[in-house]
Structures are given as structure tokens and as C-alpha cells.
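>
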Amino acid sequence: MRLDDDARLQGKWFNCFEEMERKKAVYFANTDWIDTEVALPGTMKLKDFALHYQNQTGLIERDPKMIKNSFKDDAILGYYNNFEIMKISFFLSPDVRRWVQYIEDTRGIYKYRWGDALLRYLTLAYFAAPGTTLRRADYNLSYCHPCKL
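Just so you know, we're using full-length UniProt numbering here: the sequence shown kicks off at 1 and counts up by one.
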């Protein structure tokens with residue numbers, strides 16, 4: 001679980017870990033986020049590298065709708081992930097590790113600031129079955145960032 005120090009869960013929350021187990025989820029997301037080419041030049045190179053990897057390996061995305069939604073003309077959709085819960089075994093699976101290593105080898109994380117928000121979203125779109133990503137907003141769970149004390 002990740003909860004950044006400038007964020008806070010508000011009100012009463014149910015046990016998200018139990019909900020993930022019950023739904024066989026691999027990720028509990030905060031909310032969607034978009035990185036744009038204008039704000040972060042080089043963002044759209046991630047699309048090119050991702051599609052190249054898919055073609056090179058024959059990877060068939062597990063959630064085609066997520067992939068379709070992720071790539072815009074000048075932006076890539078991700079998760080605002082200063083709150084997240086992840087199933088570590090999913091992210092350590094061999095297929096996911098190969099994908100992450102490929103992305104790391106492109107040096108785009110360092111050259112273009114491809115962040116974990118985009119990479120998390122694409123990883124889930126490529127490797128997680130539909131319905132295995134839960135979203136905080138779907139449960140009407142209150143949260144603040146940044147929070148006023």
C-alpha cells in the first residue's frame with residue numbers, strides 16, 4: 001500500500017485488502033491522471049515503445065478497453081497514485097518483469113520522466129484481467145490531497 005505523506009484517507013473506509021481478495025483484484029487505484037506531451041516532452045515516445053514491445057513480443061493486451069483509453073493524440077492516461085494498493089505477486093510475475101525491464105532499458109524513465117502513474121496504468125492494461133483493478137471513486141471513499149490540517 002502507498003499513501004503519500006501529503007494525502008489522507010477521510011471518513012470511514014472498509015477493509016480494502018479484503019475487498020481486493022474477494023474480487024481477486026491486483027490493484028486498488030486512486031483516480032485517473034493524464035501526462036501530456038506539452039507538459040512532459042517525450043511522453044508520447046512511451047506509446048511508441050509500448051506498441052513496439054507489443055508487436056515484438058506478440059503480447060495481447062488483457063484489457064483492450066484500457067489500452068484504447070490510455071493513448072490519446074498528445075497524452076497518456078495513468079493513475080494518480082499517491083494512494084494505491086497493489087498485489088505484489090502480480091507485479092513480480094515474469095511477464096510483468098520482462099515488460100518493466102524493457103521500459104527501463106529504453107531509458108525513457110530517466111530521459112522523459114515517464115512516471116509510475118503511466119507505467120502502472122499500462123502494466124495493468126497489458127497484463128491484468130478486466131475487473132481486477134478497483135477504483136476508489138467507484139466506492140465513494142473520501143480522500144484529500146493536498147490536505148489542509
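Backbone N, C-alpha and C fix where the C-beta goes; we use that ideal spot for every residue, glycine too.
Keep in mind it's a predicted model, so treat the numbers as computed, not measured.
1. Out of Gln-101, Tyr-110, Ala-129, Glu-104, state which residue places its alpha-carbon closest to the alpha-carbon of Lys-24.
2. Does DSSP put Tyr-112 in a helix, in a strand, or in coil?
3. Here's the rule: buried if 16 or more other CB atoms are within 10 angstroms of the residue's CB, otherwise exposed. What is Ser-89?
4. Which of the three DSSP states, helix, strand or coil, is assigned to Met-1?
5. Given a cut-off of 8 Å on the beta-carbon distance, is the pair Glu-37 and Ala-75 in contact?
6. Quick check on the burial criterion: 16 or more other C-beta atoms within 10 angstroms. Buried or exposed for Arg-120?
7. With DSSP as the reference, label Ile-60 as helix, strand or coil.
8. Round the Cβ separation of Val-96 and Phe-127 to the nearest angstrom and send it over; I've been treating them as touching at under 8 Å.
9. Where do the ends of the beta strand (DSSP E) carrying Tyr-79 lie?
10. Assign Trp-13 to buried or exposed, taking buried as 16 or more other Cβ atoms, counted over all protein chains shown, within 10 Å of its Cβ.
11. Measuring alpha carbon to alpha carbon, tell me which of Asn-15, Asp-4, Asn-30, Arg-2 ends up nearest Leu-134.
12. Check whether the Cβ of Tyr-139 lies closer than 7 Å to any heavy atom of the ligand ATP, and answer yes or no.
13. Exposed or buried, which one is Glu-84 when buried takes at least 16 other CB atoms within 10 Å?
14. What is the DSSP secondary structure of Thr-31, counted as helix, strand or coil?
According to the structure data:
1. Ala-129
2. coil
3. exposed
4. coil
5. The answer is yes: Cβ separation under 8 Å.
6. When all chains shown are included, Arg-120 counts as buried.
7. Shown here, Ile-60 sits in coil according to DSSP, grouped into three states, outside any helix or strand.
8. 5 Å
9. 75 to 80
10. exposed
11. Asn-30
12. Although the ligand ATP was asked about, the structure shown includes no ligands whatsoever.
13. buried
14. Strand at Thr-31.
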